[in-house]
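Here's the structure, in structure tokens; my notes come after.
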Amino acid sequence: MGFNMENDEIKNEKIMNEIGYLAYMMDTEMTMFERMKLKKSSFYRILGAMTIYLLVMILFALFL
Amino acid sequence: MFEIIPLVIVLSFLFETMDSCAGMGFGTGLTPLLFVLGYEPLQVVPILLISEAITGFTSGFFHQEFGNVHFKLKRPTTRETKVMLNIAIIGCFSIILSVFLTYYSIKLDKSIIKTYVAILVIIMGIIAMIKIRYSSSNYKPKLLTFFSALAGFNKGVGAGGYGPVVMLGQIFSGIYEKTATAIVSVSEGFVSIAGVLAFLFIPIISNLPIEIDFLLLPSIFTGGFIAALLSPYIVRVFPNKIWKIVIPVYALAIGIYVLAQMFIL
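Quick note, the sequences are listed as chains A and B, same order.
Here the first sequence is numbered in the working numbering, starting from 1 and rising by one per residue.
Here the second sequence is numbered in the working numbering, starting from 65 and rising by one per residue.
Shown next, in the form of structure tokens:
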């Protein structure tokens, strides 16, 4: 662990700045099944990334 | 020439999956295999750098999206962002030096340097495995700077092993494993961009011909890109205690793999 979670009185903002805070909280407060679920926006971003991949491959096919 | 090579896609996918999950192994693992398949260094090295630049940032973006890390460029920035920039800046200088040495064919005894890097990675892997039980440690920025510089030096002299040393260095410095993987992915993206630019500009400045063969790019990019989307999700889903074991064991395997290439192959 890269930070001391026992220090609960530290302001939220300061804790948020600690290294690995988000990942640590996800591990401790969510079950593995809960971590498998993704937000809708994440699906759209994955779709966006796949679209960019297809465009790049078309560019490769045209110019390589 | 546009060609899709299924074996290269599979290899690229496997090594990039491990690279984005455990923070190491794409260059160290894939490069010698592609040489064994008969590809030339100038067909492999710049293409791996281009691919790693794209997949590093893609993987970093999705690590952030899935909550493995919290990067923030606007002030006040996060410590994760500062650590990533620290590692990236040292790595950028090192890779420019490495490309410079490659182009000017400055003779360094590669076998001694590679043996040293392999032994270093094996020792760090063993220490990390011993430390699995002792999970709690505070963040040590000076130790992290030392390991970044050490990894940069290794890369600078062309010995590779940048990922394992930076990754294990972060863990020794008290950084949470899941976050350390995300930090390495993005910093490798920056380092790879510096490498690509060095490959393009050093020969231009020195009036040497640029020799890059793009044959492998579509295949390595395909395998690497899919892995870069999938790996941050795998890192998110599995608990950190899994990564505490996987990372040192994989580092140890990479160290042994490099040693085996030196003495067996």
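Cβ coordinates follow ideal geometry from the N, Cα and C atoms, glycine included.
All of these numbers come straight from a predicted model, not from anything done at the bench.
Straight-line gap, residue i to residue j (C-alpha atoms, nearest Å)
i	j	result
B/Tyr314	A/Glu29	28 Å
A/Leu38	B/Gln128	13 Å
B/Phe125	B/Ala292	9 Å
B/Ser270	A/Arg45	42 Å
B/Val72	B/Ile284	6 Å
B/Ser175	B/Leu94	18 Å
B/Ser249	B/Asp83	8 Å
A/Ser41	A/Met50	14 Å
A/Phe60	A/Gly48	18 Å
B/Phe79	B/Gly288	8 Å
B/Gly232	A/Val56	As written in the sequence, residue 232 of chain B is Leu, which differs from the Gly given in the question. Approximately 34 Å, taken between the alpha carbons.
B/Val147	B/Val163	24 Å
B/Ile187	B/Glu104	31 Å
B/Ile274	B/Gly189	38 Å
B/Ala117	B/Asn202	31 Å
B/Pro267	B/Arg197	49 Å
B/Phe236	A/Phe33	30 Å
B/Asn132	B/Phe302	11 Å
B/Leu207	B/Met193	18 Å
B/Phe263	B/Lys138	31 Å
B/Asn304	A/Tyr53	30 Å
A/Met91	B/Leu75	Not covered by the structure: residue 91 of chain A. The range shown for chain A is 1 to 64.
Boundaries (first-last residue) of the alpha helix (DSSP H) holding residue i
i	result
B/Asp277	Per DSSP, B/Asp277 belongs to no alpha helix (DSSP H) and is neither H nor E.
B/Asn304	Asn304 to Phe327
B/Lys242	Glu241 to Ile269
B/Ser123	Pro105 to Glu129
A/Lys93	For residue 93 of chain A there is no data in the structure shown, the boundaries of chain A being 1 and 64.
A/Tyr68	Not covered by the structure: residue 68 of chain A. The range shown for chain A is 1 to 64.
B/Pro196	According to the sequence displayed, residue 196 of chain B carries Ile and not Pro. No alpha helix (DSSP H) holds B/Ile196; DSSP gives it neither H nor E.
B/Phe66	Run containing B/Phe66: none; DSSP gives neither H nor E here.
B/Tyr226	Tyr226 to Phe236
B/Leu98	Phe90 to Val100
Neighbourhood of residue i by C-beta distance below 6 Å, restricted to the same chain and skipping five residues each side
i	result
A/Asn4	No answer about A/Asn4 holds up, because its pLDDT of 49 lies below 50 and its placement is not dependable.
B/Leu149	none
B/Pro228	Met88, Val185, Ala315 and Ile318
B/His134	Thr142 and Glu144
Nonlocal neighbours in the same chain, by C-beta distance under 8 Å from residue i, ignoring five residues either side
i	result
B/Trp307	Cys85, Ala86, Glu241, Lys242, Thr245 and Val299
B/Val322	Thr92, Lys178, Val181, Ala182, Val185, Gly224 and Gly225
B/Phe210	Gly233
B/Leu280	Ile69, Val72, Leu98, Tyr103, Gln107, Val108 and Ile111
B/Ala213	Ile154
A/Lys14	Summary for A/Lys14: the model assigns pLDDT 48, below 50, so the residue's position carries little reliability; its value from the coordinates is reported in the next sentence. So the list is empty, once near-sequence residues are dropped.
B/Val310	Cys85 and Ala86
B/Pro282	Phe66, Glu67 and Ile68
B/Val260	Pro110, Leu113, Ile114 and Ala117
B/Asp277	Glu104, Leu106, Gln107 and Ile111
Cβ neighbours of residue i in the same chain (closer than 7 Å, five flanking residues each side left out)
i	result
B/Gly102	none
B/Phe130	Pro296, Tyr297 and Arg300
B/Lys219	Gly155, Ser158, Ile159, Ser162 and Tyr226
B/Ala258	Cys156, Ile159 and Ile160
B/Ala152	Ser251, Phe254 and Val255
B/Leu294	Thr81
is_contact[residue i, chain C] using C-beta, thresh 7 Å
i	result
A/Phe60	Among the protein chains in the structure shown, which are A and B, there is no chain C.
Selection of the region 126–143 of chain B by Cβ proximity to chain A, strictly under 8 Å: Phe126, Glu129, Phe130, Gly131, Asn132, Val133, His134, Pro140, Thr142 and Arg143
Relative to chain A, which residues along the region 175–192 of chain B have a C-beta separation below 9 Å, given in chain order? none
Quick check for students: name the residue ranges of the alpha helix (DSSP H) that lie wholly in the region 134–189 of chain B, counting only runs of 4 or more. 143–167
Please list, in chain order, the residues of the region 276–306 of chain B that have any C-beta partner in chain A closer than 9 Å. Phe278, Leu279, Leu281, Pro282, Phe285, Thr286, Phe289, Ile290, Ala292, Leu293, Tyr297, Val299, Arg300, Val301, Phe302, Pro303, Asn304 and Lys305
Quick one, which residues of the region 20–31 of chain A are near chain B if we go by CB-CB under 8 Å, in chain order? Hits within the stretch, in order: Gly20, Tyr21, Leu22, Ala23, Tyr24, Met26 and Asp27.
Near-chain B residues of the region 40–53 of chain A - C-beta to any C-beta below 7 Å: Ser42, Arg45, Ile46, Ala49 and Tyr53
Check each residue of the region 236–270 of chain B: if its Cβ is closer than 7 Å to any Cβ of chain A, include it; give the result in chain order. Gly238, Ile239, Tyr240, Lys242 and Thr243
Short-range partners of chain A found in the region 97–125 of chain B, where Cβ spacing is below 9 Å: Considering only beta carbons, the part of the region 97–125 of chain B lying closer than 9 Å to chain A consists of Ile118, Thr122 and Phe125, in chain order.
Report the residues of the region 145–167 of chain B with a CB closer than 8 Å to any CB of chain A, ordered along the chain. So the list reads Val147, given in the order they occur along the chain.
Just by C-beta distance, which residues in the region 66–82 of chain B are closer than 7 Å to chain A? Hits within the stretch, in order: Phe66.
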